[in-house]
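Data first, discussion second: the structure below is written as structure tokens.
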Amino acid sequence: MFFWIVQRDLLLAIRRRSDVLTTLFFFIIVVSLFPLSVGPEMNMLRMMAPGIVWVAALLASMLSLGRLFANDFLDGTLEQMLLSPQSLSILILGKALAHWLVTGVPLVMMAPVLGLQYDLPADALFVLTVSLLLGTPVLSLIGAIGAALTLGLRGGGVLVSLLVLPLYIPVLIFGAGAVEANMAGIEYDAHLSLLGAFLLVSVVFAPWAAAASLKVSME
Amino acid sequence: MLQGNNLACVRGDRRLFKSINFTLEAGELMQVNGPNGSGKTSLLRMLCGLSNPAVGEIFWNGAAIRSLGGEYYQEMTYIGHLSGTKDDLTALENLRISSALGGVKITDKHARDVLVYMGLGGREFLPAKVLSQGQRRRVALARLLVCKTKLWILDEPLAALDVSAVKLIQKLIEQHLKQGGMVVMTTHQEIDVTAASTVQLQLA
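From first to last, the protein sequence lines stand for chains A and B.
The opening position of the first sequence corresponds to residue 974 in my numbering, with each subsequent residue numbered one higher.
The opening position of the second sequence corresponds to residue -13 in my numbering, with each subsequent residue numbered one higher.
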């Protein structure tokens, strides 16, 4: 069942490519604006790079959260998911995985290219990519809770950012921290381990919390 | 056996209905009647467990449905106002995915046979967004043929359907009742279904 949902959401994303591309282009543009506006001061750019890429990734991933449940809610598919004999948490885990594959993975793949604009050294680019690889699924999972809570509300888009952004802060700190540590020449394993820990905890708890919120939102 | 015990529904500070009691046995049809806004859909959503009654409890074979969860959903199919079809998927994909959600995995061949039976032959590969309202309804109702559940909860199943489709659905309901199934439905149309016994539930 898990794979059915992932497959379905990927199929829907392929049929609606524009949604996927807007997120990716948003990420690319936000990251590219900074070198243009701040000026070609290499040292400063290198220092700012991890933070900027990570903040842009947070915003881009949030941009697409509204679609996570809203379309299914409007056409009644979400009702059917709630009434499925399958566990709702598993379905949500599948939806979050599909969301990550569609929005997170393209960001991760673009990050090394965008990092070049900031003159990041090769190993810093590598750490940046790994930290995004571990961190972006957490964004999708935590975002699912926010999207479930604000489902069907007016102005849900603004509300979801207020709810979810504070929860993204730990991921941001350790994600950007790993790259900064690498550039400062100190060990960055601890940062990545913590990101991995966030990932494991959110895989276990986020679907369950999102399922409970969905049941409340659908009443 | 589906049983409602002293059910009440409150929306905001308005009470839609109270003290609703009924028992539905195998092979019985329950028709929920009432004017617009009398709480028919609210009652049906309660019977599915999508919302909880303000007062009272709903029992399936003697156990409260809110304690049953997945077990109950294995035996129940709900088709509401929203058809649950995805605009971007074809009729065939829609049927296969919605039945998988209902816990039944079907092959392409089976899904196509069912769609042809529902009068959608030749439209299996069209995206749902180009189908008419009635055709989408047929795609949604096709799920009844695939998921062999005991209890059907149908909210206005005949809305937007043409004469031949109405006949087809009535035949489906009749067959289902004959095989010992149960149907709870609302409709504003006259229906012509021979059931062993029909429970009429009138909401004020």
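Backbone N, C-alpha and C fix where the C-beta goes; we use that ideal spot for every residue, glycine too.
Keep in mind that this is a model prediction, so the values were computed, not measured.
As computed with DSSP, residue 168/B is found in a beta bridge with 137/B. For residue 995/A, no chain B residue has a Cβ inside 7 angstroms of its Cβ, as the nearest lies near 16 angstroms away. Chain-order list of chain A residues neighbouring residue 75/B: 981, 984, 985, 988, by C-beta distance under 9 angstroms.
If you draw a 10 Å sphere on the C-beta of residue 67/B, you find fewer than 16 other C-beta atoms in it, and that means exposed. Look at residue 111/B here: in three-state DSSP terms it is coil, with no helix or strand label. Between residue 132/B and the set 5/B, 29/B, 41/B, 81/B, the nearest pair of CA atoms involves 81/B. Between the C-alpha atoms of residue 6/B and residue 104/B there is a straight-line separation of about 35 angstroms. A contact between stretches requires three or more CB pairs, one per stretch, nearer than 8 angstroms, and the region 93 to 104 of chain B fails this requirement with the region 52 to 59 of chain B.
About 5 angstroms separates the CB atoms of residue 1067/A and residue 975/A; that is less than 8 angstroms, so the two are in contact. Residue burial annotation: residue 998/A is exposed, with fewer than 16 other C-beta atoms found within 10 angstroms of its C-beta. Of all C-beta pairs linking the region 112 to 124 of chain B to the region 1003 to 1017 of chain A, fewer than three are shorter than 8 angstroms, placing the two stretches out of contact. In this model, residue 75/B and residue 92/B are separated by some 17 angstroms (Cα to Cα). Straight-line spacing of the CA atoms in residue 34/B and residue 42/B works out to 15 angstroms. Contact between the region 141 to 159 of chain B and the region 169 to 180 of chain B is established, with three or more Cβ pairs separated by less than 8 angstroms. Where residue -6/B is concerned, the enclosing beta strand (DSSP E) starts and stops at -12 to -3. According to DSSP, residue pairing for residue 43/B in a beta bridge involves -9/B.
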